[in-house]
Every structure is written in structure tokens, then in C-alpha cells.
Amino acid sequence: MTTSCRPDAAAAVDLDALPALPRDEAGPVFRAPWEAQAFAMALELHRRGVFTWSEWAATLSAEIAAANARHEHDDGSHYYERWLAALETLAARKAVVGDAELADRIDAWDRAAQATPHGQPVVLPRA
Amino acid sequence: MSDHRHDHDHENAHDRPLSGPALRVKALESLLVEKGLIDPKTLDEIVDTYEHRVGPRNGARVVARAWVDAAFRERLLADATAAVAEFGFIEPHAEDMVAVENTPAVRNLVVCSLCSCYPWPVLGLPPAWYKSDAYRARAVVDPRGVLKAFGEDIPEDVEVRVWDSTAEMRYLVVPERPAATEGWSEEALAALVTRDSMVGVGTAKRPEGGA
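Chains as they are written, first to last, in my numbering: chain P, 100 to 226; chain S, 33 to 243.
Following this line, the structure appears as C-alpha cells:
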């Protein structure tokens with residue numbers, strides 16, 4: 100016999116359509132520095148009361164569901180991309196960082212990075 | 033979408049120091065710092081904690097104590113949040129913890145079908161497979177198949193219980209204590225407790241030379 104504490108989650112899933120289960124031993128916690136930074140930013144914004152942890156989990160779940168709906172399957176290695184998308188979504192929804200403001204800043208860092216000689220730290224010119 | 037990351041990301045990073053998610057993180061972080069909502073030093077401390085100070089060794093200590101100390105085992109199964117707090121690991125984030133015990137008749141399996149909620153204070157951050165679409169979807173609908181993929185053939189007369197984690201509730205599996213470990217110290221027993229056994233996809237290691 101098999102029981103689930105949340106049987107409604109057991110929606111019909113075509114098991115054959117799912118990728119094989121990935122397996123691993125204890126790898127690094129974060130695969131790249133940006134993953135660690137994105138992780139820490141969410142924890143810190145929660146600690147400061149910008150959002151509740153339930154809001155966070157709901158937003159992250161929605162990003163993962165949306166990625167699945169776009170048929171972007173994740174073997175676990177794209178997880179922090181969903182995490183970052185959830186962070187951007189909540190920052191905008193909580194009026195902390197707006198979409199346009201963020202887009203402008205991404206452009207500014209992109210220009211600064213491309214104008215920076217190899218090996219030099221990238222710095223943003225003061226406005 | 034910037035989904036074209038691959039295993040040699042760090043090599044590309046030399047050609048283009050900022051791109052894709054790294055660029056977006058840098059932009060968001062710089063705005064949050066300017067607004068006084070985050071402090072880069074605090075972020076570094078959080079990362080250090082999760083990279084170095086929490087991990088499955090914490091959970092292994094909890095399980096080993098439950099194996100040797102009947103009163104602790106009772107406290108753990110009655111209120112895992114309080115029992116785990118006795119160890120002084122990091123504070124639970126915002127959630128309660130529940131310990132579920134394997135027996136000869138019951139196997140427990142933990143998943144987060146919606147995202148990847150995981151008991152951080154006792155297990156650290158989850159492995160990639162726990163976060164994968166395949167595990168999240170399969171564990172709920174076909175737990176015996178998942179266990180088989182992890183090398184665990186569960187007899188039909190053993191009940192498999194699936195625990196779907198939420199933002200408020202995280203689960204820790206207490207695996208069965210291996211045979212032939214009578215009289216072992218807590219520390220020696222903890223070395224037998226694997227991460228997989230505390231998520232429920234494996235069992236504790238058998239003592240070397242044992243059956």
C-alpha cells in the first residue's frame with residue numbers, strides 16, 4: 100500500500116514522458132557564485148520582512164510550473180535560474196525593484212562589463 | 033531566456049565576465065544594496081553558513097541519538113522542531129520539522145512536489161536530483177519506482193508513505209538502525225547515516241564486515 104500526505108498532488112503524470120532520475124553524490128552546494136548570491140538574497144529579503152516564506156515558496160513553485168509549461172525540463176541544474184526568476188518577480192511585486200529599473204541596471208552592467216579590459220574588475224560608472 | 037549554460041561556464045566567464053543569470057544577479061544585488069535592503073557582508077555570511085556549516089552530518093547526529101536514546105527518540109517523533117533545537121544548529125527558516133520513522137513495515141519517502149522545500153538545518157541544501165522535475169513528479173505518483181531507481185526494492189507488504197514538503201513543514205526520515213551495531217557509540221552510528229537514508233531513498237549503511 101502507498102499513501103501520500105497530499106494525494107491531490109498526484110495528478111496524472113505520464114511517467115514515460117519524464118526524463119530519467121538524475122543521481123549524484125554530494126556535489127558542491129552551489130555550481131556558480133551567482134547561484135549562491137541569488138540564494139542568499141532571497142533569505143535576506145525574507146529575514147527583513149519583504150516577503151513571507153509562504154509567499155516565497157508559492158512564487159518559486161509558480162516559476163517552476165511555468166518553466167515546465169514551456170517544456171523546459173530541469174534535471175536539477177537549472178533550479179537557481181527558477182530561483183532568480185522568483186526573486187525578480189517578488190522584488191517587482193513588492194515594489195522593491197521595478198522591472199524597468201532592473202532592465203536599465205542590467206543594461207548598465209552589461210555595457211560596463213563589455214567595456215572592461217580582460218582581468219579587470221567590472222565597475223559601474225557613477226550616474 | 034539565457035538557458036544555454038553548460039559545464040564550462042567558468043571558461044566562458046573569462047571571455048565575458050557578466051552574462052545571463054550572473055548579470056541579472058549583479059544588477060539586482062547592486063540595486064538592493066543601494067536601497068539599503070541587503071548588505072553584501074550578510075550575503076557572504078549566509079553563503080558561508082550553507083556551504084560549510086549545515087549539511088547531512090547534522091541530521092546524522094540527530095538520527096544516531098534517536099537510535100541510542102529512547103527518550104530523545106520519543107521527543108523527536110513527538111516534536112522534531114523542539115528536539116532538533118536541542119542540538120543548536122541554525123534556526124529553522126520559517127518551518128516546522130517532522131521526523132518520520134522507518135520500521136520493518138513502513139518506508140518513508142520525502143519530496144517537495146511543488147518546488148524543493150528541504151529540512152536545511154539537518155540536511156543542508158538539497159542535491160540536484162531532489163530538485164529535478166523527474167524526482168518531484170515521480171516520487172508522488174510512483175514512489176516504489178523511484179525507490180527502485182535508487183536500488184531499493186520494497187516488498188509489496190511494506191507500506192510506502194510519501195511526505196510532500198511545504199514552506200511550513202519539512203520532513204526528516206529516521207532510517208532503521210542497522211543490525212549488529214549494539215553497543216556502538218553515537219558518533220560511530222552517525223557515520224552510518226547517509227543523506228539519502230534521511231530523505232528516504234536509501235537505508236543506513238551496514239557496519240563493515242556485517243551482513
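Glycine residues also receive a C-beta, built at the ideal position from the N, C-alpha and C atoms.
Can you find the residues in the same chain that come closer than 6 Å, C-beta to C-beta, to residue i, ignoring five residues on each side of it along the sequence?
i: Tyr179(P); result: Glu134 and Ala137
i: Pro158(S); result: Ser148 and Tyr150
i: Gly232(S); result: Asn140, Leu141, Val142 and Val205
Show which residues of chain P have a CB atom less than 7 Å away from the CB atom of residue i.
i: Val57(S); result: Trp133, Gln136, Ala137 and Leu183
i: Ser148(S); result: Tyr178
i: Ala236(S); result: Here the premise fails: no neighbours, minimum Cβ distance about 16 Å.
i: Gly91(S); result: Going along chain P, no residue has its Cβ under 7 Å from Gly91(S), so there is no contact; the nearest lies around 13 Å.
Taking the straight line between their C-alpha atoms, what separation do you get for residue i and residue j?
i: Asp198(P); j: Arg97(S); result: 50 Å
i: Gly177(S); j: Val190(S); result: 14 Å
i: Glu77(S); j: His170(P); result: 36 Å
i: Glu61(S); j: Asp206(P); result: 14 Å
i: Leu146(S); j: Val95(S); result: 27 Å
i: Asp185(S); j: Trp216(S); result: 28 Å
i: Val225(S); j: Thr213(S); result: 13 Å
i: Val128(P); j: Asp80(S); result: 11 Å
i: Glu66(S); j: Phe121(S); result: 32 Å
i: Val132(S); j: Val192(S); result: 12 Å
i: Asp209(P); j: Lys73(S); result: 24 Å
Within a Cβ cutoff of 7 Å, which residues of the same chain sit near residue i, ignoring the five residues on either side of it in sequence?
i: Leu144(P); result: Phe150
i: Asn134(S); result: Asn140, Val205, Val206, Pro207 and Glu208
i: Leu186(P); result: Ala137, Met140 and Ala141
i: Leu183(P); result: Ala137
i: Met129(S); result: Ala112, Thr113, Val116, Pro151, Arg202 and Leu204
i: Phe104(S); result: Arg97, Ala98 and Ala115
Along chain S, in chain order, which residues have C-beta atoms closer than 8 Å to that of residue i?
i: Val196(P); result: Leu60, Leu63, Leu64 and Lys67
i: Val222(P); result: Chain S residues near Val222(P): none, gap ~10 Å exceeds 8 Å.
i: Val156(P); result: For the record, residue 156(P) in the displayed sequence is Ala; it is not Val. Leu146, Cys147, Cys149, Thr198 and Ala199, listed in chain order.
For residue i, collect the residues of the same chain with a Cβ closer than 8 Å to its Cβ; drop the 5 residues on either side in sequence, then sort them by chain order.
i: Ala199(S); result: Ala126, Glu127 and Cys149
i: Asp35(S); result: Note that Asp35(S) scores 43 on pLDDT, short of 50, meaning its location in the model is unreliable; the coordinates nonetheless yield the value given after this. None.
i: Ala222(S); result: Arg89, Ala92, Arg93, Val95 and Ala96
For residue i, return the contacting residues in chain P, with the cut-off set at a CB-CB distance below 9 Å.
i: Asp101(S); result: Within 9 Å Cβ-Cβ: nothing; Asp101(S) doesn't reach chain P, min ~27 Å.
i: Leu109(S); result: The premise fails here: Leu109(S) is roughly 16 Å from chain P at the closest Cβ pair, so nothing lies under 9 Å.
i: Glu123(S); result: Here the premise fails: no neighbours, minimum Cβ distance about 10 Å.
Between residue i and residue j, which are expected to be in contact by the criterion C-beta below 8 Å, what is the C-beta distance as a whole number of angstroms?
i: Val143(S); j: Val194(S); result: 6 Å
i: Leu63(S); j: Arg147(P); result: At roughly 15 Å, the Cβ-Cβ gap does not stay under 8 Å, so Leu63(S) and Arg147(P) are not in contact.
i: Lys180(S); j: Gly175(P); result: The pair is not a contact, with the Cβ atoms about 20 Å apart (cut-off 8 Å).
i: Ala59(S); j: Arg204(P); result: 4 Å
i: Leu50(S); j: Ala212(P); result: 4 Å
i: Ser229(S); j: Ala236(S); result: 5 Å
i: Ala131(P); j: Ala54(S); result: 7 Å
i: Asp196(S); j: Val172(S); result: 6 Å
Is residue i near the ligand ZN, with its Cβ less than 7 Å from a heavy atom?
i: Ser197(S); result: No copy of the ligand ZN appears in this structure; indeed no ligand is present at all.
Under 8 Å between beta-carbons, which chain P residues line up against residue i? List them in chain order, please.
i: Glu118(S); result: Near Glu118(S) there are no residues of chain P at all, since even the closest Cβ is about 23 Å away, more than 8 Å.
i: Lys163(S); result: Asp173, Gly175 and Tyr178
i: Val79(S); result: Phe129, Ala135, Gln136, Phe138 and Ala139
For residue i, which residues in chain S fall below 7 Å Cβ to Cβ?
i: Leu189(P); result: Within chain S, no residue comes near Leu189(P); the closest Cβ sits about 11 Å away, beyond 7 Å.
Examine the Cβ distances between the segment 83-93 of chain S and the segment 105-112 of chain S and report whether three or more of them are shorter than 8 Å.
no
Below 8 Å, how does it come out for the segment 216-223 of chain P and the segment 153-160 of chain P: are there three or more Cβ pairs, yes or no?
no
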